[in-house]
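Engineer: Pasting in a structure now, in structure tokens, and then I'll have a few things to ask.
Protein chains: 2
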Amino acid sequence: MKLLEEYIEKKGKLIGGNIVKVDCFLNHQVDPYLMHEMGKEIKRLYEGEEITKVLTIESSGIAIAIMAAMELNVPMVFAKKNATKNISGDVYNTTITSFTHGRDYDVRVAKEFLSKDDKILIIDDFLANGAALNGLISLVDQSGAKLVGCAIAIEKGFQDGGKKLREQGYRIESLAIIDGFTENGIIFR
Amino acid sequence: MKLLEEYIEKKGKLIGGNIVKVDCFLNHQVDPYLMHEMGKEIKRLYEGEEITKVLTIESSGIAIAIMAAMELNVPMVFAKKNATKNISGDVYNTTITSFTHGRDYDVRVAKEFLSKDDKILIIDDFLANGAALNGLISLVDQSGAKLVGCAIAIEKGFQDGGKKLREQGYRIESLAIIDGFTENGIIFR
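Residue numbers (the working numbering), protein chains in the order written: chain Z, 1 to 189; chain W, 190 to 378.
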């Protein structure tokens, strides 16, 4: 998606040679125009597919997911990372190992919000080694729902999460794939 | 806001006499149509005020805040609750005591995203005792930005957070205020 690539090139900050910080428009400060355009693009990519619900994980996936859900006219569900009194009763649960945060955390969705009749589109902001996406896929599998596919804002193509998931037959649509870095810039696929 | 009151009455679940669960449309499963309408209503309420940025706190405030930010055509910033490698360097920081989660947590915003030239609208999903809102106000104060006001989805009018903040002179606009419960329903202000 050209617009997202332009944002990454113009507003992202290259750090240390192989990290690009996008916290001025994606995951701390968030640009609502870009989120809306990404939501429309995700709808376009999955045109013709039946989707009944969008699933993401708190927190950085929520802004993209709610825009895609608005365009698709379906509810959005976000999986919760932290124990909270607000989720009671039966939940689907899995453990994700986060390399960003350097720890394991439990992720949960109340069973009432994912059912075997659902057709799920998973949305997240980043795909690197695939840990978060595999966790979300596990929640969908536990519910018996059909996984239609995944939509990602930025895939780090130089890590193998996307490759492995596609080899397993999952449909993964990344709006921008970063394959590497040069001295002055970013190599998009 | 009539639409939100209808959602609360029709889809909320009364628990134990003084709690209404809204996790099927607001804070776990999220209804994008309602979020968008709330964003438009927040814009209408603050018509004529100069706003340069919307500030919320992860995670449940994000969906409302990004819709309001889209309508206002300004960036949205969400304060982070958990330590993460993604925020480095200088941050504004405060401690919030959560009664929902039964613990204290640190909340942070990178200094680069709040400046003394900003005119901030704070948005959150709930206002009860005001702990989260006071924390967000502290972050705005630390930055030297001007606080234009706050917009809340659901205020629990039977707790004193909203009353105290209004007495201190803050503009607090709640889209629905629950003053109490009867045996079969909710009393809205």
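Quick reminder that beta carbons are idealized off the backbone N, C-alpha and C, glycines included.
Note that the structure is predicted; figures quoted are calculated from it, not measured.
Closest to residue 191 of chain W by C-alpha separation, out of W:309, W:263, W:343, W:297, would be which residue?
Structural biologist: Closest by alpha carbon: W:343.
Engineer: Please say whether residue 151 of chain Z and residue 4 of chain Z have beta carbons closer to each other than 8 Å?
Structural biologist: No; because the gap between Cβ atoms is not below 8 Å, this pair is not in contact.
Engineer: Spell out whether any CB of chain Z is found under 8 Å from the CB atom of residue 307 of chain W.
Structural biologist: It does not: the Cβ of residue 307 of chain W has no partner Cβ on chain Z nearer than 8 Å.
Engineer: With 16 other CB atoms within 10 Å as the buried threshold, where does residue 160 of chain Z fall?
Structural biologist: So residue 160 of chain Z ends up on the exposed side.
Engineer: Considering residue 328 of chain W, what are the terminal residues of the alpha helix (DSSP H) in which it resides?
Structural biologist: That run of the alpha helix (DSSP H) goes 320-332.
Engineer: So what does residue 94 of chain Z bridge to, in DSSP terms?
Structural biologist: In DSSP, residue 94 of chain Z forms a bridge with Z:107.
Engineer: Quick check on residue 114 of chain Z: does DSSP put it in helix, strand or coil?
Structural biologist: It is coil, neither helix nor strand.
Engineer: For residue 299 of chain W and residue 266 of chain W, what's the separation of their Cα atoms in angstroms?
Structural biologist: Cα to Cα, residue 299 of chain W sits roughly 10 Å from residue 266 of chain W.
Engineer: Should residue 208 of chain Z be labelled buried (16 or more other beta-carbon atoms within 10 Å of its own) or exposed?
Structural biologist: The shown model of chain Z, from 1 to 189, leaves out residue 208 of chain Z, and the question about it has no answer.
Engineer: Once DSSP output is grouped into helix, strand and coil, what is the label at residue 270 of chain W?
Structural biologist: The answer is coil: DSSP assigns residue 270 of chain W none of H, G, I, E or B.
Engineer: Which residues in chain W have a C-beta closer than 9 Å to the C-beta of residue 113 of chain Z? List them in chain order.
Structural biologist: Correct list: 212, 213, 217, 218.
Engineer: Output the residue ranges of the beta strand (DSSP E) runs that lie fully inside the region 191-259 of chain W and measure 3 residues or longer, sorted by chain position.
Structural biologist: Runs found: 202-204, 208-210, 242-246.
Engineer: Any C-beta of chain W sitting closer than 8 Å to the C-beta of residue 1 of chain Z?
Structural biologist: Output row for residue 1 of chain Z: interface = no.
Engineer: Residue 196 of chain W to residue 16 of chain Z, Cα distance in whole Å?
Structural biologist: The straight-line gap from Cα to Cα measures roughly 48 Å.
Engineer: On the CB-based measure, 16 or more other CB atoms within 10 Å of its CB, does residue 369 of chain W come out buried or exposed?
Structural biologist: Its Cβ having fewer than 16 others within 10 Å, residue 369 of chain W is exposed.
Engineer: Leaving out five residues before and five after residue 189 of chain Z in sequence, what residues of the same chain have Cβ atoms less than 7 Å from its Cβ?
Structural biologist: Correct list, in chain order: 157, 177, 179.
Engineer: How do the region 232-245 of chain W and the region 202-216 of chain W stand: do at least 3 beta-carbon pairs fall below 8 Å, yes or no?
Structural biologist: The region 232-245 of chain W is not in contact with the region 202-216 of chain W.
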